[in-house]
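*Asks:* Take a look at the following structure, please.
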Amino acid sequence: MTRPLFVPVLLGTPRQGRMSEHAARIVWEEVEKRPGVETELLDVATLPIAVDDAGESAKDPAFAETMNRADALIVVTPEYNHGYAGLLKHVLDTNLKEYIHKAVGVVGVSAGVFGGARAIQNLIPVLRELGLVTIFWDVNFTTVRRRFDESGNLVDDSFLAIDQFLDELLWMAETLRYGRENVTIGGPS
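Positions in the sequence shown are counted from 1; adding 902 to them yields the working numbering.
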């Protein structure tokens, strides 16, 4: 029996009134339903990572251990002026070796019809540079203010294509875990 895949969900904005918090909770609940998968909901707003330093110097040991243990990562990011939150970038940059050859999927959130696609487009090169392996499916929460009620419950899921996203992410996570554990890089030529 192999250990379950561990796939944390990272909520990537500290803003008050953030609708992406509701989206992150929905995604996290869907991951929890998957057999053989463990998850945890992480929030950049509550991580004890210093903002007056960078890289290894700002690393939080608990967050680093969570990323080290992770087989994949889901990043939930709102779109702010075609980009993602600066604190998300700062938090991601505090680790490097913990991410190498691990799958990552991105969930975009926006008030408009693009569902965070422009933030995702800008975030993917950063994730690749960190050593994460991006999957080709995204989840896009469009016109987010109409998708949730006052309590944060999803009122319309007709747009939500999360099953394909999770199928791909978990397949990639399992495949990459096998590779990390069984295949040597730079073997004989």
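From the three backbone atoms N, C-alpha and C, an ideal C-beta is built for every residue, glycine too.
#1: For alanine 987, does the three-state DSSP call read helix, strand or coil?
#2: For aspartate 1058, which of helix, strand or coil comes out of DSSP?
#3: If you reduce the DSSP assignment to three classes, tell me which class glutamate 942 lands in.
#4: Mind reading off the beta-carbon distance from valine 1015 to valine 911? Whole number of angstroms is fine, and I expect it under 8 Å.
#5: Which term fits lysine 961, buried or exposed, when burial requires 16 or more other beta carbons within 10 angstroms of its beta carbon?
#6: Could you name the residues of the same chain whose beta carbon sits closer than 6 Å to that of arginine 1079, not counting the 5 residues immediately before and after it, in chain order?
#7: Kindly identify the DSSP beta-bridge partner or partners of glycine 1010.
#8: Between the Cα of glycine 1017 and those of Leu990, Asn1042 and Val1008, spot the shortest distance and give me the residue it belongs to.
#9: Less than 9 Å between the C-beta atoms of aspartate 1059 and valine 1009, yes or no?
#10: Which residues does DSSP pair with leucine 1078 in a beta bridge?
#11: Roughly how many whole angstroms lie between the Cα atoms of asparagine 997 and threonine 968?
#12: Helix or strand or just coil, what does DSSP make of leucine 912?
*Replies:* Inspection of the coordinates gives the following:
#1: As a working mapping, residue 987 is identified with position 85 in the sequence shown. Of the three classes helix, strand and coil, the one that applies to alanine 987 here is coil, per DSSP.
#2: As a first step, residue 1058 is located in the sequence shown; it is residue number 156 there, counting from the start. DSSP places aspartate 1058 in coil when its eight states are reduced to three.
#3: Working through the sequence shown from its first residue, we reach residue 942 at position 40. Coil at glutamate 942, not helix or strand.
#4: Here the question's residue 1015 lines up with position 113 in the sequence shown. Here the question's residue 911 lines up with position 9 in the sequence shown. Here valine 1015 is actually not in contact with valine 911; their C-beta atoms are around 24 Å apart, not less than 8 Å.
#5: Here residue 961 refers to the residue found at position 59 when the sequence shown is read from its first residue. It counts as buried.
#6: By 1-based counting over the sequence shown, the position of residue 1079 is 177. For arginine 1079, same chain residues with a beta-carbon under 6 Å away, outside a window of 5 residues either side, are Asp973 in chain order.
#7: Translated into positions along the sequence shown, residue 1010 becomes position 108. In the DSSP output, where bridge partners are listed per residue, glycine 1010 has Thr979 and Asn1042.
#8: As a first step, residue 1017 is located in the sequence shown; it is residue number 115 there, counting from the start. Nearest option by C-alpha distance: Asn1042.
#9: In the sequence shown, counting from the first residue as 1, residue 1059 sits at position 157. In the sequence shown, counting from the first residue as 1, residue 1009 sits at position 107. Cβ distance not < 9 Å, so aspartate 1059 and valine 1009 don't count as in contact.
#10: Position 176 of the sequence shown holds residue 1078. Note: leucine 1078 is not bridge-paired with any residue in the DSSP secondary-structure output.
#11: Counting from one through the sequence shown, the residue named residue 997 turns up at place 95. Counting from one through the sequence shown, the residue named residue 968 turns up at place 66. Between asparagine 997 and threonine 968, the C-alpha separation is close to 11 Å.
#12: For the purposes of this step, residue 912 is taken as the residue at position 10 of the sequence shown. Reduced to three states, the DSSP call for leucine 912 is strand.
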